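Heads up: the structure comes next, in structure tokens.
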Amino acid sequence: MGRSPCCAKEGLNRGAWTATEDKILTDYIKVHGEGRWRNLPKKAGLKRCGKSCRLRWLNYLRPDIKRGNISHDEEELIVRLHKLLGNRWSLIAGRLPGRTDNEIKNYWNTNLGKKVHDHHKKKEKMKKSKASLVMTPKMEITRPENESNVVKSKAMKCSKVFFGPQTQNIEPIDTTTVTAAGQSMVQNTSNFTPIPSGSPNGASSSTDLDHDQEDHGSDFMMNVNMGEFCLSDLLNADFIMPK
DNA sequence: AATGACCACAACCGCACTTTA
DNA sequence: CTAAAGTGCGGTTGTGGTCAT
């Protein structure tokens with residue numbers, strides 16, 4: 001089915017936004033509210049594509065945007081949420097008040113991604129040196145680098161919950177609701193089992209990026225009620241899938 | 001001082017999902 | 001029910017700033 005392009009490219013401004021454009025957009029949204037992005041530029045008198053306006057507003061002009069460095073706590077939270085959710089930046093951003101998906105994505109790509117990657121490499125090295133000392137055949141189950149136990153991003157908004165065979169005794173989770181903003185919500189989060197730090201299976205320290213050992217549930221699809229997590233929970237807990 | 005490499009981040013693009021007529 | 005419009009999301013690119021040579 002043919003689709004008209006989101007906006008005619010001719011005669012539209014591109015690139016960095018000027019202060020005047022910002023002001024026009026902000027004023028317009030203050031009066032008319034968000035939404036109707038496609039028509040917004042025309043009505044507001046902006047020579048911009050609607051998408052561009054939306055992005056500018058969401059990532060930069062919104063009054064509740066928190067600017068400045070990502071704190072250590074936020075960083076830890078991002079790492080954990082990424083481990084859990086993969087590249088679903090909007091969901092991750094939803095747990096970090098004032099932060100945008102774009103900001104987190106950028107931060108990940110420039111900082112955390114590298115950190116985690118390096119960390120992974122270190123671990124691989126250590127594993128290898130250990131393995132060369134004591135080598136048993138079944139230890140050679142390897143997984144591609146960076147593979148995580150997460151639902152693939154862009155896979156679609158999960159509205160169904162699927163557990164692998166080992167989870168059959170789990171009570172069915174309530175159906176999910178998807179809000180207009182695309183945030184998926186699950187009413188029941190009890191299927192996430194937070195393991196307190198220091199427990200046999202848990203990571204020893206919340207500052208440690210090393211959570212590889214929790215590669216449980218690699219074949220599950222589930223929705224997460226992120227609305228019920230809070231920062232402290234996430235910082236003090238690791239996630240495993242129920243068995 | 002000039003310039004090339006690298007980094008950070010804003011903005012763009014295309015696809016997929018949702019809503020509407 | 002279906003097609004088209006509207007919107008959101010994640011990946012990628014472009015650009016300005018900083019650092020190293």
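In the UniProt record's numbering, the protein residues as written are 1 to 243.
Even glycine gets a Cβ: it sits at the ideal position worked out from N, Cα and C.
Bear in mind that the values here come from a model prediction, so they are computed numbers and not experimental data.
Nearest-angstrom Cα separation, counted from Met126 out to Val31: 59 angstroms
Euclidean distance between Cα positions of Arg38 and Leu46: 11 angstroms
Of the listed residues Ile29, Arg56 and Leu85, nearest to Lys43 (C-alpha basis): Ile29
Reduced DSSP category for Cys53 - H, G, I as helix; E, B as strand; rest coil: helix
Boundaries (first-last residue) of the alpha helix (DSSP H) holding Tyr107: Asp101 to Tyr107
Nearest residue (CA-CA) to His72, options Arg62, Leu85 and Tyr107: Tyr107
Sequence ranges, alpha helix (DSSP H) only - wholly within the region 10-52, length at least 4: 19-32 and 40-44
Distance between beta carbons of Thr100 and Ile65, contact taken as under 8 angstroms: 7 angstroms
Cα-Cα separation between Gly33 and Ser90, rounded to whole angstroms: 21 angstroms
Secondary structure of Lys73, DSSP reduced to three states: Per the sequence presented here, residue 73 reads as Asp, with Lys not at that position. Reduced to three states, the DSSP call for Asp73 is helix.
Between the CA atoms of Trp17 and Asn95 - distance to the nearest angstrom: This sequence places Arg at residue 95; Asn is not what is there. Cα-Cα distance, rounded: 28 angstroms.
Chain-order list of residues whose beta-carbon lies under 6 angstroms from that of Asn13 (same chain, five-residue window excluded): Lys47 and Arg48
Assigned exposure category for Pro41 - 16 Cβ within 10 Å defines buried: buried
Residue span of the alpha helix (DSSP H) that contains Ile92, given as start and end: Trp89 to Gly94
Given Pro97 as reference, the closest of Gly15, Asn59, Asn111 and Arg36 once Cα atoms are compared: Asn59
Alpha-carbon to alpha-carbon, Gly15 and Ser204: Because Ser204 sits at a pLDDT of 34, beneath the cut-off of 50, its placement in the model cannot be relied upon, and the point is left open.
Local Cβ density within 10 Å of Ala93, reported as buried at 16 or more and exposed below that: buried
Any non-hydrogen atom of the ligand GTP closer than 7 angstroms to Leu85 Cβ: Summarising the ligand content, the structure contains no ligands, and the ligand GTP is consequently not present.
Beta-carbon separation (whole angstroms), Leu25 vs Trp57, contact threshold 8 angstroms: 6 angstroms
Length of the line joining the Cα atoms of Asn87 and Lys105: 8 angstroms
Beta-carbon gap between Leu85 and Asp22 smaller than 8 angstroms: no
Arg67 in three-state terms, based on DSSP: coil
Beta-carbon contacts of Leu112 that lie in its chain and below 8 angstroms, excluding the five residues immediately before and after: Glu75, Ile78, Val79 and His82
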